[in-house]
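A.B. asks: Sharing a structure with you now.
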Amino acid sequence: MTRISRGEKNRRKLLRETVAPVLRRIFSFARDPEGLAALVAETLQETAVKRGTAIFKVGAPACSMFVVVTGTVELHARQAGAVGTLGPGSSFGEAALLSLVDVRPATLFAGDGCSVVEITYDGLFASLERSTMDQVHSAMERLADERGRQFVRGLPMSLLHGVGASEDDICARAVALEAQRLVF
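Here UniProt numbering is used: position 67 in the sequence shown is 67, and no number is missing along the way.
As structure tokens, this is what we get:
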């Protein structure tokens, strides 16, 4: 994986257009989700990943999330193989970022023209400590609690007809919780 240097103006534009919307979705609980997203995004670095390279592997330790900036990534489950393709603006690893899971439930391979940003637990909370938004820490705890309950119930995968996922299917629960957008 290689860090991409686009020039500060282009880097900020790309983060604002691709990464910030993902962060705003995650931080929707905050009084100023746009400001919080900008605070976190300003420290992120885009990384180019060669097609076929594993960004992470199933079972690997997990404490970060990835946002696809350009190109595609392919999601592979341990037993099911290829599950789907994620494109720009998609994310994977929110549960790991919130410390709900400590290992990766799937393998993520780079597709064509892939670049990603990684948001680490330490980086997120360093940004939050710089924030003057008093409600952020308690809101992050509420979000983690809500996602934990969602994970236990296998939502939303267990509600989809024709998918065949039950509440006790750990892979379906993890994939549903982790991925914001899957393209089949």
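All residues carry an ideal CB built from backbone N, CA and C; glycine is no exception.
1) Quick one: give me the first and last residue of the beta strand (DSSP E) that Ala80 is part of.
2) CA-CA distance, Val117 and Ala20?
3) The alpha helix (DSSP H) that contains Val103, what's its start and end?
4) Could you tell me whether the stretch 87 to 95 touches the stretch 59 to 75, using the rule of 3 or more Cβ pairs below 8 Å?
5) Restricting to Cα atoms, I'd like to know which of Ala48, Ala62 and Leu23 is closest to Cys114.
6) Less than 8 Å between the beta carbons of Val58 and Ala106, yes or no?
7) Going by other Cβ atoms of all chains shown within 10 Å of its Cβ, with 16 needed for buried, is Arg51 buried or exposed?
8) For the candidate residues Thr18, Phe125 and Val103, whose alpha-carbon lies nearest to that of Gly71?
9) Return the CA-CA distance between Lys13 and Arg104, expressed in angstroms with no decimal places.
C.D. replies: On the basis of the data shown:
1) Looking at the DSSP string, Ala80 is not in any beta strand (DSSP E), and its letter there is neither H nor E.
2) 11 Å
3) From DSSP, Val103 is part of no alpha helix (DSSP H); its letter is neither H nor E.
4) yes
5) Ala48
6) yes
7) exposed
8) Thr18
9) 30 Å
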